[in-house]
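Novice:
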Amino acid sequence: MNQHVSALLIGLVGAGITLSASLQPFVSPTQCVTIGLLVIIFGLLVKEGFISLSLLVYSKDGRSRNLRWNGNGATSSIECGVFLHDSPLSTNSSSSSSPSVASTLRSWIALNMKESNLSRGNLDQLLVAAEEGGEKMIKVKKDGSADFKTVTDAVNSIPSGNARRVVIWIGGGEFWEKITIDRTKKFVTFYGDPYNMPRIVYNGTAADYGTVNSATVAVESDYFVAVNVAFVNSAPIPDGRRCGAQAVAMRISGDKAAFYNCRFIGYQDTLCDDKGRHFFQDCYIQGTVDFIFGNGKSLYLNTTMYSVAKKFGAITAQAREKVNDDSGFTFVFCNITGIGNNTTYLGRAWKERPRVVFARTYMGTIINGEGWSNDRHPDRDRTVYYGEYKCSGPGSVSSARVKFARILSDEEAKLFMSMTYIHGSNWLLPPPKF
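Numbering-wise (our numbering), the sequence shown opens with residue 55 and increments by one.
(1) Between Phe278 and Ala303, how many whole angstroms is the CB-CB distance? I'm expecting something under 8 Å.
(2) With DSSP collapsed to three states, give me the class of Gln340.
(3) Do you know offhand how far Pro292's Cα is from Asp344's?
(4) For a quick check, are the C-beta atoms of Asn287 and Asn257 less than 8 Å apart?
(5) Compare the C-alpha of Thr415 against each of Thr384, Thr397 and Asn428 and name the closest.
(6) With DSSP collapsed to three states, give me the class of Ser268.
(7) Please classify Phe488 as buried or exposed, where buried requires at least 16 neighbouring CB atoms within 10 angstroms.
(8) Just the C-alpha distance for Leu177 and Arg295, rounded to the nearest angstrom, thanks.
(9) Using DSSP with H/G/I as helix, E/B as strand and the rest coil, what is Gly6?
(10) When you compare only the Cα positions, how much space is there between Val281 and Ser361?
(11) What did DSSP end up calling Leu462 once you bin it into helix, strand or coil?
(12) Rounding to the nearest angstrom, what Cα-Cα distance links Tyr399 and Trp230 in this structure?
(13) What is the DSSP secondary structure of Val209, reduced to helix, strand or coil?
(14) Leaving aside the five residues before and after Thr265 along the sequence, list all residues of the same chain whose C-beta is less than 7 Å from its C-beta, in chain order.
(15) Can you check which of these residues, Arg317, Tyr443 and Asn428, is closest to Val456 by C-alpha distance?
(16) Please tell me whether Asn356 and Phe387 are closer than 8 Å, where the distance is taken between their beta carbons.
(17) Only counting the same chain, and skipping five residues up and downstream in sequence, which positions put a Cβ closer than 7 Å to that of Arg374?
(18) If we require 3 or more residues per run, which beta strand (DSSP E) segments fall completely within the segment 388-415?
(19) Kindly indicate which three-state DSSP category Ser472 falls into: helix, strand or coil?
(20) Just how far apart, CA to CA, sit His139 and Ala363?
(21) Expressed to the nearest angstrom, what Euclidean distance is found between the alpha-carbon atoms of Leu482 and Arg460?
(22) Can Gly367 and Val411 be called in contact, C-beta distance under 8 Å?
(23) Please report the straight-line C-alpha distance between Leu325 and Asp309, rounded to a whole angstrom.
(24) For Ala467, is the classification buried or exposed, using 16 other Cβ atoms within 10 angstroms of its Cβ as the cut-off for buried?
(25) Should Asn378 go down as buried or exposed, given a rule of 16 or more other Cβ atoms within 10 Å for buried?
(26) Check whether the Cβ atoms of Lys239 and Ile212 sit closer than 8 Å, and answer yes or no.
(27) Please report the straight-line C-alpha distance between Leu110 and Ser161, rounded to a whole angstrom.
(28) Would you mind sorting Pro290 into buried or exposed? The rule is 16 or more other CB atoms within 10 Å of its CB.
(29) What residues in its chain sit with their C-beta under 6 Å from that of Glu185, if we drop five residues either side in the sequence?
(30) At the level of alpha carbons, what is the spacing between Ala312 and Gly298?
(31) Taking 7 Å as the limit between beta carbons, can you name the residues of its chain near Asn480, skipping five residues before and five after?
(32) On the DSSP bridge list, what partners appear for Arg317?
(33) How long is the line joining the alpha carbons of Asp201 and Pro153, rounded to whole angstroms?
(34) Look at the alpha carbon of Arg253 and the alpha carbon of Glu228, and state the distance between them as a whole number of angstroms.
(35) Note down, in chain order, each residue of its chain lying with its Cβ closer than 6 Å to the Cβ of Gly226, except the 5 sequence neighbours on either side.
(36) Could you tell me which of Phe458, Thr419, Gly449 and Gly418 sits nearest to Ser436, measuring between CA atoms?
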C-alpha cells in the first residue's frame, strides 16, 4: 500500500469517526460502522474526483441527516439512502403505499420523495431545468431592510415567462395583502421564517369578489411551493343571514404545487383546492363549511383539519362531476378535531361525483355519526365515492354511518395511499431549506 492510499484511508477513517460522533444519538454504534464503511468505499472515489456523493441517513423514527461530499472535477453524482429500520420500505413511489405504522410516516415521505432525485430522468424536464440553474432569492421584510417591503412587490418583480426557481423569503409579521400569481410566473416559492411564521391576511368575500376570487392568495401558475407560511382570510364567520359570506384564504389553480408546514385560516371555503395535482404535508386547515373544496387531485399527509363549526360543518366539498374527471382528495395520517360534538361531516356532496378518502386518520368527537352528507340529493348516494380506511378515534366508529360510505379493503385503499395518486415521482421534491 503506497503512502498516498495509506494517508487517504487514515483520513477517511478519521472522517468516519467524526461522522459517528456527529450522528450520535441519531444512529446506533453498529449503524455508524455501516455508514463508516460506506464513507471509506465512496470516499476513495470522491477524493479522486470521480464522483460527488450525497448520503441520506434515515433513522427509525423518521428523522434524516443529509451528508454530502463533492469530488473535484466530478462528472457523476451518486445519491443514496441508508434506511435504519428493521424492515426497509420501498423507494419506488410507483408501488409503495403509506406505511401502516404512524411512526414510519416521515421515513416513507422522505424515501418516496427522494426517488425523484434518484431517478432524475423521470422528472418533469421543465422542473429539472428550473432547479439546475440554482434559485434566485428575493427577500421581503416589513421594516424595509430587505429587497421589498411587501410580498406583492416581490411577486411583481418576477418576469412573465419565468423559467427559473424564484424563492421569495418572507420575514415574520402580518402582511395585509391580496396577491395573485398569474399563470405566466411559474416556479415560485414562498418561504417563511420558520421561527416567526409570516401571515398573509386579507378579508375578501364572495359578495365583493365572487367566491374563487375572494382568495387572500391565488396561485394560477404551475410548480408553486410554500413553506412555513400562514394564509388567512379574516372576514367574519358566516352567520346564515349575510349573502356572499364565503371567504377563501388560498386558491391553488396551478398544477404540481406543494405546501409544507403551512396554515390556512378561515371559515367557509378556506382552501380552494381548485384544479391540478397538489401535495400538502404537516399543514393546518381551519374552517366551518366546505373548508377544503374544489376539483383538484391532492394528497394530504400528516395534516390537521380543525372545525370551528357551531352547528353544521363539512370538511370537504370535492367538485368532481364526470366519470372521467381525474380528481379527488385523499387524507393519510391526518388529524380531525375542533369545537363541538357531532357537528361536522367528512364531506358534503356539493357536486354529483365527489371522490374523497380518509385513511389512517384520527377523527375526534366533532365528526357526525353519519360521516358523510349527500347534501339532500339522494340520487348522489349512487355516484359519490366516499371512502374510509383504518381510521381511529371516536368519530371513526359509528353504526349510524350512511350506507353510501365505503369501508375500503387493503387493495382498494392502496391507490389512494401512494405518491402515485398525484404522480409525485415525476415532480415532487423535498421542501427547500435555507
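Note that the Cβ used here is the ideal one computed from N, Cα and C, for glycine as well.
Specialist: By the coordinates alone:
(1) Taking the first residue of the sequence shown as 1, we reach residue 278 at position 224. Taking the first residue of the sequence shown as 1, we reach residue 303 at position 249. Actually they do not touch by this definition, with Cβ atoms about 15 Å apart.
(2) Sequence index remark: in the sequence shown, residue 340 carries index 286 (1-based). The answer is strand: DSSP assigns Gln340 an E or B state.
(3) Here residue 292 refers to the residue found at position 238 when the sequence shown is read from its first residue. Here residue 344 refers to the residue found at position 290 when the sequence shown is read from its first residue. Looking at the two C-alpha atoms, the distance is approximately 12 Å.
(4) Here residue 287 is taken as the residue at index 233 of the sequence shown, counted from 1. Here residue 257 is taken as the residue at index 203 of the sequence shown, counted from 1. Taking 8 Å as the Cβ cut-off, Asn287 and Asn257 qualify as a contacting pair.
(5) Within the sequence shown, numbered from 1, the residue matching residue 415 stands at position 361. The option with the nearest alpha carbon to Thr415 is Thr384.
(6) Locating residue 268 in the sequence shown gives position 214, where the first residue counts as 1. The answer is helix: DSSP assigns Ser268 an H, G or I state.
(7) Mapped onto the sequence shown, residue 488 falls at position 434. So Phe488 counts as exposed.
(8) Stepping through the sequence shown from its first residue, residue 177 is reached at position 123. Stepping through the sequence shown from its first residue, residue 295 is reached at position 241. Distance between the alpha carbons of Leu177 and Arg295: 50 Å.
(9) This structure cannot settle anything about residue 6, because the visible part of the chain is limited to 55 through 488.
(10) Numbered from 1 along the sequence shown, position 227 holds the residue referred to as residue 281. Numbered from 1 along the sequence shown, position 307 holds the residue referred to as residue 361. Between Val281 and Ser361, the C-alpha separation is close to 23 Å.
(11) Taking the first residue of the sequence shown as position 1, residue 462 is located at position 408. Reduced to three states, the DSSP call for Leu462 is coil.
(12) The residue you call residue 399 lines up with position 345 of the sequence shown. The residue you call residue 230 lines up with position 176 of the sequence shown. Cα to Cα, the separation comes out at about 32 Å.
(13) Here the question's residue 209 lines up with position 155 in the sequence shown. Correct three-state label for Val209: helix.
(14) To locate residue 265, count along the sequence shown from 1; it is residue 211. Taken in chain order, the residues that qualify are Gln300, Val302 and Asp323.
(15) Along the sequence shown, read from residue 1 onward, the residue named residue 456 stands at position 402. Among Arg317, Tyr443 and Asn428, the Cα nearest to that of Val456 belongs to Asn428.
(16) Locating residue 356 in the sequence shown gives position 302, where the first residue counts as 1. Locating residue 387 in the sequence shown gives position 333, where the first residue counts as 1. Yes, the Cβ-Cβ distance between Asn356 and Phe387 is below 8 Å.
(17) Locating residue 374 in the sequence shown gives position 320, where the first residue counts as 1. Taken in chain order, the residues that qualify are Asn349, Ser381, Gly382, Lys405, Arg407, Pro408 and Arg409.
(18) 389-392, 398-402 and 409-413
(19) Taking the first residue of the sequence shown as position 1, residue 472 is located at position 418. In the structure shown, Ser472 sits in a strand (DSSP, three-state: E or B).
(20) Start at 1 with the first residue of the sequence shown, and residue 139 comes out as number 85. Start at 1 with the first residue of the sequence shown, and residue 363 comes out as number 309. Low confidence applies here, because His139 scores a pLDDT of 29, under 50, leaving its location unreliable; read the following figure in that light. Going by the C-alpha atoms only, they are around 41 Å apart.
(21) The residue you call residue 482 lines up with position 428 of the sequence shown. The residue you call residue 460 lines up with position 406 of the sequence shown. About 29 Å.
(22) By one-based count along the sequence shown, residue 367 stands at place 313. By one-based count along the sequence shown, residue 411 stands at place 357. Cβ atoms of Gly367 and Val411: not closer than 8 Å.
(23) Along the sequence shown, one-based indexing puts residue 325 at 271. Along the sequence shown, one-based indexing puts residue 309 at 255. Approximately 16 Å between the Cα atoms of the pair.
(24) On the sequence shown, residue 467 is found 413 positions in, with the first residue counted as 1. Looking at its Cβ environment, which holds 16 or more other Cβ atoms inside 10 Å, Ala467 is buried.
(25) Position 324 of the sequence shown, counting from 1, holds the residue named residue 378. Answer is exposed; the Cβ neighbour count stays below 16.
(26) Translated into the one-based positions of the sequence shown, residue 239 becomes position 185. Translated into the one-based positions of the sequence shown, residue 212 becomes position 158. Yes, they are a contact pair.
(27) The residue given as residue 110 occupies position 56 in the sequence shown. The residue given as residue 161 occupies position 107 in the sequence shown. Low per-residue confidence applies at Leu110: pLDDT is 38, beneath 50, and the placement is therefore not dependable, though the value from the model is reported in the following sentence. Looking at the two C-alpha atoms, the distance is approximately 11 Å.
(28) The residue you call residue 290 lines up with position 236 of the sequence shown. The residue in question, Pro290, is exposed, as its Cβ has fewer than 16 Cβ neighbours within 10 Å.
(29) Your numbering for residue 185 matches position 131 in the sequence shown. Counting only Cβ-Cβ distances below 6 Å, and skipping sequence neighbours, we find Arg219.
(30) Counting from one through the sequence shown, the residue named residue 312 turns up at place 258. Counting from one through the sequence shown, the residue named residue 298 turns up at place 244. Using only the alpha carbons, I get a separation of about 29 Å.
(31) In the sequence shown, residue 480 corresponds to position 426, counting from 1. These residues qualify, in order along the chain: Asn176, Leu177 and Asp178.
(32) Residue 317 sits at position 263 when you count from the first residue of the sequence shown. The partner list for Arg317 (beta bridge, DSSP) reads Ala284 and Tyr338.
(33) For the purposes of this step, residue 201 is taken as residue 147 along the sequence shown, with counting starting at 1. For the purposes of this step, residue 153 is taken as residue 99 along the sequence shown, with counting starting at 1. Between Asp201 and Pro153, the C-alpha separation is close to 43 Å.
(34) As a working mapping, residue 253 is identified with position 199 in the sequence shown. As a working mapping, residue 228 is identified with position 174 in the sequence shown. The alpha-carbon atoms of Arg253 and Glu228 are separated by roughly 5 Å.
(35) Taking the sequence shown and counting its residues from 1, the one referred to as residue 226 is at position 172. Within the same chain, Gly226 has close Cβ partners Asp247, Asn250 and Pro252.
(36) As a position in the sequence shown, residue 436 is number 382, starting the count at 1. Reading off the sequence, residue 436 comes out as Arg, not Ser. Cα-wise, what sits closest to Arg436 is Phe458.
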